[in-house]
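Below is one structure; the comments refer to it alone.
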Amino acid sequence: MADKPPRFILGSLVIIISLLILSQVILFNALSLGEQALRDKPTTQQQATPVAQAMMPGEKVVNSVCKRCHAFGMMRAPKLGSERDWSQRVKKGKTVLYQHAINGFKRMPARGDRDLTDQQVKDAVDYMLSLLDIPPPLIQP
2 MADKPPRFIL GSLVIIISLL ILSQVILFNA LSLGEQALRD KPTTQQQATP VAQAMMPGEK
62 VVNSVCKRCH AFGMMRAPKL GSERDWSQRV KKGKTVLYQH AINGFKRMPA RGDRDLTDQQ
122 VKDAVDYMLS LLDIPPPLIQ P
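Its first residue numbered 2, the sequence shown is counted upward by one per residue in the numbering used here.
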């Protein structure tokens, strides 16, 4: 009778150790498969490259700089895509819009308060105008 508890404990210990070893083997194999899957999967940079190439000139500037104010009409900025907000501005022509965007106008800081080139600013203006449902001939140069 005195032998039974130690055998029971010894048997239980062997089973527990075996299960731990088995679980470690399964876990190691699962992690190895996961690492292999990650190596085979394209990186975020590889996935983003086609999207970045598909962006229109100025879209990146609008998304990273101009949207801060133009997405919600902050400080009375014309909202992106709103013909009502842009109608009077568009009538002045692109040249005036370019000048206002480059040099600043009323509450809008020059170049969106960034170190953007003239061409980047013009591309951003062109992109914002492309969001409007106004035929190009009505947008004066």
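All residues carry an ideal CB built from backbone N, CA and C; glycine is no exception. Note that the coordinates shown come from a computational prediction; the quantities given were computed from them, not determined experimentally.
Distance, residue 43 Cα to residue 24 Cα: 30 Å
Under the three-state reduction of DSSP, which class applies to residue 29: helix, strand or coil? helix
Mind the definition here: the segment 84-93 touches the segment 108-128 only if three or more C-beta pairs lie below 8 Å; say whether that holds. no
In terms of DSSP beta bridges, what is residue 106 paired with? 109
Measure the C-alpha to C-alpha separation of residue 74 and residue 29 and round it to an integer number of angstroms. 54 Å
Thinking just about the alpha-carbon of each residue, which of 34, 93, 26, 105 is nearest to the one in residue 67? 105
Tell me where the alpha helix (DSSP H) around residue 85 begins and ends. 84-92
Pairwise C-alpha distance: residue 123 and residue 99: 6 Å
How about residue 121 and residue 62: do their beta carbons lie closer than 8 Å? yes
Please go through the same chain and pick out, in chain order, the residues whose beta-carbon is closer than 6 Å to the beta-carbon of residue 125, but skip the five residues on each side of it. 59, 62, 63, 67
Would you kindly report the start and end of the unbroken alpha helix (DSSP H) that includes residue 130? 119-131
Interface flag, residue 84 vs chain B, CB-CB below 8 Å: Within the model displayed, chain B is absent; a lone protein chain is all it includes.
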